[in-house]
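Take a look at the structure set out below.
There are 2 protein chains.
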Amino acid sequence: MAEQAASWADDRVLLGRTSTAERVSDILRGRITDGFFPPGTRLSEEGIGGALGVSRNTLREAFRLLTHERLLVHELNRGVFVRVLTVEDVEDIHRTRALVECAVVRGLGEPPYVLDAMAAAVAEGERASAEGDWKALGTANIHFHQALVALAGSERTDEVMRSVFAELRLAFHVVDEPRRLHEPYLARNRQILRMLRDGNAAEAERLLAVYLQDSLERMVEVYRRRVGDDGSAPG
Amino acid sequence: MAEQAASWADDRVLLGRTSTAERVSDILRGRITDGFFPPGTRLSEEGIGGALGVSRNTLREAFRLLTHERLLVHELNRGVFVRVLTVEDVEDIHRTRALVECAVVRGLGEPPYVLDAMAAAVAEGERASAEGDWKALGTANIHFHQALVALAGSERTDEVMRSVFAELRLAFHVVDEPRRLHEPYLARNRQILRMLRDGNAAEAERLLAVYLQDSLERMVEVYRRRVGDDGSAPG
DNA sequence: GCATATTTGTCCGTATGTATA
DNA sequence: CTATACATACGGACAAATATG
Chain A
29 MAEQAASWAD DRVLLGRTST AERVSDILRG RITDGFFPPG TRLSEEGIGG
79 ALGVSRNTLR EAFRLLTHER LLVHELNRGV FVRVLTVEDV EDIHRTRALV
129 ECAVVRGLGE PPYVLDAMAA AVAEGERASA EGDWKALGTA NIHFHQALVA
179 LAGSERTDEV MRSVFAELRL AFHVVDEPRR LHEPYLARNR QILRMLRDGN
229 AAEAERLLAV YLQDSLERMV EVYRRRVGDD GSAPG
Chain B
29 MAEQAASWAD DRVLLGRTST AERVSDILRG RITDGFFPPG TRLSEEGIGG
79 ALGVSRNTLR EAFRLLTHER LLVHELNRGV FVRVLTVEDV EDIHRTRALV
129 ECAVVRGLGE PPYVLDAMAA AVAEGERASA EGDWKALGTA NIHFHQALVA
179 LAGSERTDEV MRSVFAELRL AFHVVDEPRR LHEPYLARNR QILRMLRDGN
229 AAEAERLLAV YLQDSLERMV EVYRRRVGDD GSAPG
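First to last, the sequence lines map onto chains A and B. Numbering-wise (my numbering), the first sequence opens with residue 29 and increments by one. Numbering-wise (my numbering), the second sequence opens with residue 29 and increments by one.
The following block contains the structure:
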């Protein structure tokens with residue numbers, strides 16, 4: 029434990045800029061989005077703090093950060109848990125996505141557009157699909173939509189949606205049927221990209237709206253089977 | 029100081045539900061949006077903690093909450109400051125508003141719409157204007173647009189935009205010409221509300237887009253004079 | 001440039017309150 | 001109802017960084 033603390037200090041000297049709490053939250057965020065801490069898991073202060081060699085106060089700061097990213101829920105005097113999304117959450121996430129993503133496409137100016145990041149995400153998805161790595165395919169799909177949002181050129185919008193997409197990943201870990209959930213959308217992403225390349229933003233927007241509607245329906249269907257209507261959420 | 033701590037404890041017994049850090053952050057948020065702590069102010073741990081009768085650890089948690097709401101900026105080993113928005117921030121805020129608010133109006137279904145909250149905000153603005161309370165008029169304008177966003181019925185979108193509007197208020201405190209900044213928009217809000225009442229969402233969206241564009245231009249113009257192009261931001 | 005005082009970053013120990021077995 | 005486990009919040013301590021003279 030003391031040795032761990034020493035290595036932390038070394039890191040700080042090396043890269044200097046971030047606080048201990050931020051680095052702890054980075055680690056935990058990775059564990060959560062990777063599914064190592066599945067939704068519903070309780071993160072005890074003593075357990076995690078001991079394992080990572082940081083004090084409770086520092087760890088609590090990291091918890092606060094992740095709570096505000098909606099990845100953890102904090103129940104007074106009970107502790108923090110990895111968030112379990114309800115069906116209503118999933119629906120609201122898709123509402124927000126539809127609102128923002130379609131507005132981004134509609135707000136595009138004159139073609140041509142800078143589509144490198146979206147093309148890269150499609151390629152990433154094709155690689156993952158060829159290797160049968162469905163979890164990676166889900167990640168690639170999210171990258172595609174993040175790149176789409178980035179076309180708006182708004183830092184705030186990017187950040188907001190990054191957090192929404194992180195929530196979406198929580199839902200992925202609950203249903204855990206990655207192939208059925210992600211494979212059908214690779215072709216659709218490719219199609220949307222093609223429309224944008226052709227400068228046909230209107231058709232791209234239409235495809236995107238249908239895409240999101242379908243995705244929501246399939247998600248809700250599978251989700252209901254898995255967790256029941258109440259979502260068995262702690263809150 | 030000890031007496032203050034005792035009163036805190038009493039409060040907790042009374043209303044029971046929220047943590048101390050949350051209540052502290054509520055107080056500080058009020059001080060910031062009221063302009064009591066203007067942008068650029070440094071909030072010392074000792075000073076604030078002593079005044080409010082809470083420990084440093086608790087206060088730091090409150091700071092974290094407000095930092096994630098973008099109201100404070102945290103500089104390593106230097107402390108927390110009330111955020112000073114740059115011109116780029118103001119532009120990005122308006123980009124986000126245009127994207128979301130216009131998308132909300134476009135996404136409205138069949139009329140009639142539930143416009144009570146928007147009507148109440150207009151009435152609030154008329155009252156403030158009649159009394160010459162321009163700060164309150166600015167608040168009423170924000171309430172109008174929050175109510176507009178709420179028409180989408182998305183909890184996440186509401187929360188996201190609440191934070192964006194809180195940032196906007198920071199900019200208000202920098203320019204500090206409240207009448208010039210807020211008075212022209214009361215009539216426009218009334219007009220948008222009328223269009224929605226008539227079920228003419230398309231025209232309402234057009235008016236809204238023009239509104240936001242004008243508002244941004246005026247804001248940037250006044251803002252540049254006040255803080256210079258760099259925004260004199262700490263970060 | 002240097003020495004000092006101030007402030008933050010991190011951690012610990014502990015008393016109290018709350019939830020649960 | 002009691003006992004246990006845990007979270008909340010406080011105060012103190014020391015190192016490290018920053019600000020000040």
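Quick reminder that beta carbons are idealized off the backbone N, C-alpha and C, glycines included.
Annotation: the continuous alpha helix (DSSP H) that includes A:G78 extends over 73-80. Burial is judged here by how many other beta carbons sit within 10 angstroms of a residue's own beta carbon; A:N105 has fewer than 16 and is exposed. C-alpha of A:A232 to C-alpha of A:H210: approximately 19 Å in a straight line. Across the set B:V101, B:D54, B:R92, B:T69, the C-alpha of B:D54 shows the shortest separation from the C-alpha of B:L80. Measuring C-alpha to C-alpha distances from B:H96 to each of B:F64, B:C130, B:R57 identifies B:R57 as the nearest. For A:R208, the closest of A:G166, A:Y239, A:R222, A:L221 by C-alpha to C-alpha distance is A:G166.
Here A:P67 is buried, its C-beta having at least 16 other C-beta atoms within 10 Å. Annotation: the continuous beta strand (DSSP E) that includes B:G107 extends over 107-110. Those residues of the region 93-104 of chain B placed with their C-beta closer than 7 Å to a C-beta in chain A are L93, H96, L104, ordered along the chain.
Across the structure, A:G153 and A:V202 are spaced so that their CA atoms are roughly 21 Å apart. For B:L100, the enclosing beta strand (DSSP E) starts and ends at 100-103. Taking a C-beta distance under 8 Å as the contact criterion, A:A131 and B:L127 qualify as a contact pair.
In the DSSP assignment, B:V202 falls within the alpha helix (DSSP H) that extends over 183-203. Using a Cβ-Cβ cut-off of 8 Å, B:S53 does not count as an interface residue toward chain A, since no Cβ of chain A sits closer than that to its own. Beyond the five residues adjoining it in sequence on each side, A:T61 comes within less than 6 Å, by CB distance, of R197 in the same chain, given in chain order. Taking the Cα of B:V52 as reference, the smallest distance to any Cα among B:L143, B:A168, B:F91 is reached at B:F91.
Taking a cut-off of 8 Å on C-beta distances, the region 216-232 of chain B touches the region 134-145 of chain B, as three or more cross pairs fall below it.
Between the alpha carbons of A:A215 and B:E119 lies a distance of about 36 Å. A:H122 sits away from A:L235, with the two beta carbons spaced by 8 Å or more. Of all residues in the region 140-151 of chain B, none places a beta-carbon less than 7 Å from a beta-carbon of chain A. Using a Cβ-Cβ cut-off of 8 Å, B:G135 counts as an interface residue toward chain A, since at least one Cβ of chain A sits closer than that to its own. For B:L221, the enclosing alpha helix (DSSP H) stretches over residues 206-225.
Contact between B:M146 and B:F109 is absent: CB atoms are separated by about 35 Å, not below the 8 Å threshold. With a threshold of 8 Å between beta carbons, B:R123 makes contact with chain A. Residues of chain A with a Cβ closer than 8 Å to the Cβ of B:L127 are, in chain order, V128, A131, V132, G135, A180, S182, T185.
For B:E74, there are no C-beta contacts with chain A under 8 Å, since the nearest C-beta of that chain is about 17 Å from it. The beta carbon of A:A194 sits closer than 7 Å to those of T61, E97, L99, all from its chain and outside the five residues before and after it, given in chain order. Our two residues, A:L113 and B:V192, have alpha carbons roughly 24 Å apart in a direct line.
Nearest to B:R252 by C-alpha distance, out of B:E73, B:D117, B:S83, B:T185, is B:D117. Taking a contact as a CB-CB distance under 8 Å, the pair A:T185 and B:T124 counts as one, their CB atoms being some 5 Å apart.
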